[in-house]
Every structure is written in C-alpha cells, then in structure tokens.
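Asker: One structure follows; several queries about it will come next.
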Amino acid sequence: MHNFHHIEYLPTGELFAEQRDYWHTPYRFNGKELDEETGLYYYGARYYTPEL
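Taking our numbering, I'd label the letters of the sequence shown as residues 80 to 131.
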C-alpha cells in the first residue's frame, strides 16, 4: 500500500485540487499548519486565510 497526499493551490493559498489515500497532515499551504477548527493557517505571529 502506498500512502500519498497531493494538494494543488491557487496563488493566494486557496485549495484547488486534493487527492489523498490514508494519510493526513496538518501542514498545508507553504508548509504551514492548518487549524481544522478555524480553517486558518498558523504563521507563528499571525493567522492567515486565503479567502480574504
């Protein structure tokens, strides 16, 4: 079995396409952690949302 997670983003960080197979990681756009509860990316000193 191969585990993979392929994600493509728009330049602003919005999710464009995602394919996964039994693998989950909190690290997403720019390698930053996505907070599942708020939907925001954590950048250390601030949070970021690509929708704004």
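Yeah, the Cβ is synthetic: ideal placement off N, Cα and C, and Gly gets one too.
With a threshold of 16 other CB atoms inside 10 Å of the CB of Y126, please say whether the residue is buried or exposed.
Answerer: As a first step, residue 126 is located in the sequence shown; it is residue number 47 there, counting from the start. Classification of Y126: exposed, given that the 10 Å Cβ count is below 16.
Asker: State the Cα-Cα distance for the pair A96 and G123, rounded to the nearest angstrom.
Answerer: As a first step, residue 96 must be located in the sequence shown, where it is residue number 17. As a first step, residue 123 must be located in the sequence shown, where it is residue number 44. Spanning the two alpha carbons is a distance of roughly 26 Å.
Asker: Just list the residues that DSSP pairs Y121 with in beta bridges.
Answerer: Translated into positions along the sequence shown, residue 121 becomes position 42. Paired residue(s): E112, Y126.
Asker: Let me know the secondary structure DSSP gives E93 once reduced to three states.
Answerer: As a working mapping, residue 93 is identified with position 14 in the sequence shown. In the structure shown, E93 falls within a coil segment according to DSSP collapsed to helix, strand and coil.
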